[in-house]
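Peer 1:
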Ligand SMILES: Cc1ncc(COP(=O)(O)O)c(C=O)c1O
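Residue numbers (the working numbering): 1016 to 1468.
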């Protein structure tokens, strides 16, 4: 029989996958190490298990004990897996910047999760590091794991990630590239790889708003560089103990927008559905393209899975609200997808104007089409109704068909916002479009403005 003794044994030995499209214009071979193949869907399973086992060995974690940690979710997942198998309790502190999905997953694994304000500075008692620290003094038989300064973090990468990459590339790796947060992934793996071949270059990818790049280049902790950004898990406003900057040759910084858009490309062009920091690291590769030659064998770490970011970078409204999708050409299809009322509200030519208006009022609509046998034969608008009633109040009991305005123009799903805007004017406030399901949908002046504002 072939089986593992517990889920812990399935951590590591993740696949190395060649990128075929995104890096096609850059010389070299680009191989991504897809860490979402770990049971907790991230690279942090490696350190979760190692930190728990090392705490057991040094006696700081005793049977029935409680594991306390501040985590953006992924490390919590690794710790929670180990805790479930080994019978420990977990209490995690995290920040309100992290995806709700990550918090829900940790709770599903039995952990208690305390969400702290992202903007509470390091010295603030509400800061997530401070809360974890305080709890470790208050809860008996507990251990504060502290992935930032706990060197078992980088040791896990020295013992597993590094050797795996060395073997998987048949010792041919020339560049190692990863995003940097606690510093564990970059330092531990780089230590191992540079021990095997000191010529291997290690490149770190950091977020704008983090102090790490400037610290590497000047040795200065410059808090004027620190501001909040959106990519989860990377960058810092402290220097964690797991960093050894001698093992990093260069650090590149990337923006929230470029990283988010790159995640979408990774999914659509390579079929690799990853988390936000994966977009950051690939964006970093494109920005550092001059560092590679045709002989480069570049190994890139993709830290976690996209499912935890569904409500964020993979959600069009979230992206648009942050101005990340502005460059995209808005089409009728996109406008239809955004609509809150999916069914078309229409009038019949044989009902009275007052009945049709009652429906518009109830649904809070300014205009509706008049439909007969699935064809738009006219329209009624608030403005038109007012004109009719001013002219003669008895129009209220007239049949819609006798007083309606012109039908709305019809566009295809491929029509762009610019095409639609040309059809919208003071006499015509909407267009109709046939959806892929065969039903009609309406796009109003308001829908256009909402999508573009
Ligand atoms: C999604 C994600 N990417 C990248 C990192 C950075 O890795 P490290 O902390 O090992 O530097 C983290 C760390 O939390 C992470 O959760």
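Here a beta-carbon is modelled for each residue, glycine too, at the ideal position from N, C-alpha and C.
(1) Shorter than 7 Å, the distance from the beta carbon of residue 1201 to the closest heavy atom of ligand 1, or not?
(2) Leaving out the 5 sequence neighbours to the left and right, which residues in its chain are closer than 7 Å to residue 1197 when beta-carbon positions are compared?
(3) Between the Cα of residue 1350 and the Cα atoms of 1466, 1026, 1226, 1165, which residue gives the shortest distance?
(4) May I have the straight-line CA-CA distance separating residue 1028 from residue 1039, to the nearest angstrom?
(5) For the beta strand (DSSP E) that residue 1218 lies in, which residues bound it at each end?
(6) Between which two residues does the alpha helix (DSSP H) harbouring residue 1039 extend?
(7) Taking the straight line between their C-alpha atoms, what separation do you get for residue 1234 and residue 1263?
(8) Between the Cα of residue 1414 and the Cα atoms of 1362, 1244, 1435, which residue gives the shortest distance?
(9) Let me know the secondary structure DSSP gives residue 1467 once reduced to three states.
(10) Do residue 1184 and residue 1200 have their C-beta atoms closer together than 8 Å?
(11) For residue 1321 versus residue 1288, is the C-beta distance shorter than 8 Å?
(12) Which term fits residue 1079, buried or exposed, when burial requires 16 or more other beta carbons within 10 angstroms of its beta carbon?
(13) Quick one: give me the first and last residue of the alpha helix (DSSP H) that residue 1202 is part of.
(14) Taking buried to mean at least 16 other C-beta atoms within 10 Å of its own C-beta, is residue 1117 buried or exposed?
(15) At what residues does the beta strand (DSSP E) containing residue 1129 begin and finish?
(16) For the beta strand (DSSP E) containing residue 1083, list its first residue and its last residue.
(17) Could you pull out every residue in the same chain whose Cβ sits closer than 6 Å to the Cβ of residue 1430, ignoring the five residues on either side in sequence?
(18) For ligand 1, is there any heavy atom lying closer than 7 Å to the beta carbon of residue 1270?
(19) When the Cα of residue 1232 is compared with those of 1387, 1219, 1088, 1411, which residue comes out closest?
(20) Three Cβ pairs or more, each shorter than 8 Å: is that satisfied between the stretch 1374-1385 and the stretch 1302-1316?
(21) Mapping DSSP to helix, strand and coil, what is residue 1265?
(22) Evaluate residue 1121 with the Cβ neighbour count: other Cβ atoms within 10 Å of its Cβ, from every protein chain shown; 16 or more gives buried, anything less gives exposed.
(23) Hey, could you find the ends of the alpha helix (DSSP H) residue 1228 is sitting in?
(24) Cα separation between residue 1337 and residue 1328?
(25) Determine the contact status of residue 1105 and residue 1088, defining contact as a CB-CB distance below 8 Å.
(26) Buried or exposed for residue 1399, going by 16 or more other Cβ atoms inside 10 Å?
(27) Return the CA-CA distance between residue 1370 and residue 1132, expressed in angstroms with no decimal places.
(28) Over the uninterrupted alpha helix (DSSP H) stretch that includes residue 1377, give me the two end residues.
(29) Rounded to the nearest angstrom, how far is the Cβ of residue 1034 from that of residue 1045, given a contact under 8 Å?
(30) Excluding the 5 residues flanking residue 1366 on each side, which residues of the same chain have their C-beta closer than 8 Å to its C-beta?
(31) Assuming residue 1160 contacts residue 1146 under a Cβ cut-off of 8 Å, what Cβ separation, rounded to an integer in Å, is found between them?
(32) Pull the bridge partners of residue 1386 from the DSSP assignment, please.
(33) Cα separation between residue 997 and residue 1456?
(34) Which stretch, first to last residue, makes up the alpha helix (DSSP H) that contains residue 1436?
(35) Name the DSSP bridge partner or partners of residue 1159?
Peer 2: Let me spell this out:
(1) yes
(2) 1162, 1163, 1168, 1255, 1257
(3) 1466
(4) 26 Å
(5) 1216-1222
(6) First-last for residue 1039: undefined, no H or E at that position.
(7) 13 Å
(8) 1362
(9) helix
(10) no
(11) yes
(12) exposed
(13) 1199-1211
(14) buried
(15) 1127-1131
(16) 1081-1085
(17) 1347
(18) no
(19) 1219
(20) no
(21) strand
(22) buried
(23) 1227-1233
(24) 10 Å
(25) no
(26) buried
(27) 51 Å
(28) 1368-1378
(29) 4 Å
(30) 1414, 1415
(31) That pair is no contact at about 14 Å.
(32) 1391
(33) Nothing about residue 997 can be reported from this structure: the residues present for the chain run from 1016 to 1468 only.
(34) 1432-1438
(35) 1083
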